[in-house]
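Encoded structure:
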């Protein structure tokens with residue numbers, strides 16, 4: 142998603158700046174000659190006041206663009222309801238068939254060796270990829286938070302409220318997330334696992 | 034909802050063997066553009082029951098509201114509200 146690109150873009154600039162400043166710092170520190178042009182130089186001070194403002198604009202414009210992009214209106218193709226319970230998620234697909242299932246974490250002692258410890262669930266949430274998915278997130282008891290970082294999704298699950306999040310997966314695969322709002326004893330043990338499959342397989346599921 | 038080829042904005046076509054499936058869901062409703070869709074769910078539930086009460090259960094366009102709230106509302110909420118309606122304790126105006 143665009144979020145990743147923006148993050149890459151700002152990290153590049155940041156690392157560039159840090160390298161330049163760090164190099165100047167070290168070279169000034171280790172050089173025993175004193176250069177008059179380095180101290181109280183008016184053009185130099187002007188330079189390093191104007192240039193950072195340009196750099197900030199350069200970082201800020203993509204940021205604003207991304208901010209507005211996040212609020213764009215989509216027409217989803219499928220709606221999934223996610224309800225958080227203590228301490229598992231339950232999913233409902235109600236567009237055509239009323240399909241409901243619970244998704245519990247697979248305990249570490251039951252799973253085979255070296256599978257996704259603490260991340261895998263018994264029933265994965267299946268979504269078709271290359272489709273706009275609308276997720277309505279709510280909770281049945283206490284606050285939870287549903288997040289899948291790889292898809293850029295995070296929203297709180299509040300009892301009595303339906304939060305809508307639209308996302309789009311452009312590659313098939315497995316995506317994981319974890320509950321992001323403290324919800325009791327097993328808060329760290331209620332992961333989210335999304336399996337993104339081609340639409341033809343999704344239909345048969 | 035007046036388009037003849039409705040669905041192309043809010044659906045995806047899938048070909049699976051010889052059959053073609055279309056995934057359609059509740060389209061974007063500009064009355065509820067933001068993240069909070071609680072009202073959307075509740076209002077369409079109310080609209081369905083008012084529609085049924087005004088036109089009778091067999092009136093086909095009422096089914097649109099039913100589709101909306103079935104897709105949007107958690108089943109637990111729908112079950113609870115329907116129980117309340119049967120018991121006469123539902124708080125909304127129908």
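Chains as they are written, first to last, in the working numbering: chain A, 142 to 346; chain B, 34 to 127.
Cβ atoms here follow ideal geometry from the backbone N, Cα and C, with glycine treated the same way.
- Item | Runs of beta strand (DSSP E) lying entirely within the segment 273-299 of chain A, each at least 3 residues, in chain order | 273-280, 285-289 and 294-298
- Between the CA atoms of residue 186 of chain A and residue 221 of chain A - distance to the nearest angstrom: The residue labelled residue 221 of chain A in the question sits at position 80 within the first chain. The residue labelled residue 186 of chain A in the question sits at position 45 within the first chain. Those two C-alpha atoms are separated by around 56 Å.
- May I ask which residues mark the beginning and end of the beta strand (DSSP E) holding residue 248 of chain A? Here residue 248 of chain A is taken as the residue at index 107 of the first chain, counted from 1. Careful: residue 248 of chain A lies outside any beta strand (DSSP E) and carries neither H nor E.
- Message: Is it the case that the segment 277-284 of chain A contacts the segment 299-306 of chain A, given that we only count it when at least three CB pairs across the two stretches are under 8 Å?
- Response: yes
- Query: Hey, is residue 235 of chain A's beta-carbon within less than 8 Å of any beta-carbon in chain B?
  - Reply: In the first chain, counting from the first residue as 1, residue 235 of chain A sits at position 94. Judged by the 8 Å Cβ criterion, residue 235 of chain A is in contact with chain B.
- Query: Are the C-beta of residue 218 of chain A and some C-beta of chain B separated by less than 8 Å?
  - Reply: The residue you call residue 218 of chain A lines up with position 77 of the first chain. It does; some Cβ of chain B falls within 8 Å.
- Item | Between the CA atoms of residue 260 of chain A and residue 82 of chain B - distance to the nearest angstrom | Counting from 1 along the second chain, the entry for residue 82 of chain B is found at position 49. Counting from 1 along the first chain, the entry for residue 260 of chain A is found at position 119. Roughly 42 Å separates the two Cα atoms.
- Endpoints, the alpha helix (DSSP H) within which residue 185 of chain A is located: Along the first chain, one-based indexing puts residue 185 of chain A at 44. Its alpha helix (DSSP H) spans residues 183-211.
- Item | Nearest to residue 147 of chain A (by Cα), restricted to the options A:199, A:164, A:204 and A:193 | The sequence position of residue 147 of chain A within the first chain is 6, counting from 1. Of the listed residues, the one whose Cα sits closest to residue 147 of chain A is A:204.
- Task: Using a Cβ-Cβ cut-off of 8 Å, state whether residue 310 of chain A counts as contacting chain B.
- Result: Residue numbering aside, residue 310 of chain A sits at position 169 when the first chain is read from its first letter. Not one beta carbon of chain B lies nearer than 8 Å to the beta carbon of residue 310 of chain A.
- Task: Within the same chain, show all residues whose beta-carbon is closer than 8 Å to that of residue 343 of chain A, passing over the 5 residues directly before and after it, in chain order.
- Result: Counting from 1 along the first chain, the entry for residue 343 of chain A is found at position 202. Hits under 8 Å: 267, 268 and 269.
- Message: Among A:291, A:231, A:200 and A:273, whose alpha-carbon lies nearest the alpha-carbon of residue 262 of chain A?
- Response: Taking the first chain and counting its residues from 1, one reaches residue 262 of chain A at position 121. Comparing Cα-Cα distances from residue 262 of chain A to each of A:291, A:231, A:200 and A:273, the minimum goes to A:231.
- Query: Residues in its own chain within less than 6 Å of residue 218 of chain A by CB, not counting five upstream and five downstream?
  - Reply: In the first chain, counting from the first residue as 1, residue 218 of chain A sits at position 77. Around residue 218 of chain A: 272 and 273.
- Is residue 214 of chain A buried or exposed, if buried means 16 or more other CB atoms sit within 10 Å of its CB? Counting from 1 along the first chain, the entry for residue 214 of chain A is found at position 73. Burial call: exposed.
- Item | At least three beta-carbon pairs within less than 8 Å, the segment 239-252 of chain A to the segment 191-204 of chain A | no
- Item | Candidates B:85, B:115 and B:71, of which the one nearest residue 98 of chain B by Cα | Within the second chain, residue 98 of chain B is the residue found at index 65, counting from 1. Checked all of B:85, B:115 and B:71; the closest Cα to residue 98 of chain B is B:85.
- Query: Which stretch, first to last residue, makes up the beta strand (DSSP E) that contains residue 226 of chain A?
  - Reply: Locating residue 226 of chain A in the first chain gives position 85, counting from the first residue. Judged by DSSP secondary structure, residue 226 of chain A falls within the beta strand (DSSP E) whose first and last residues are 219-226.
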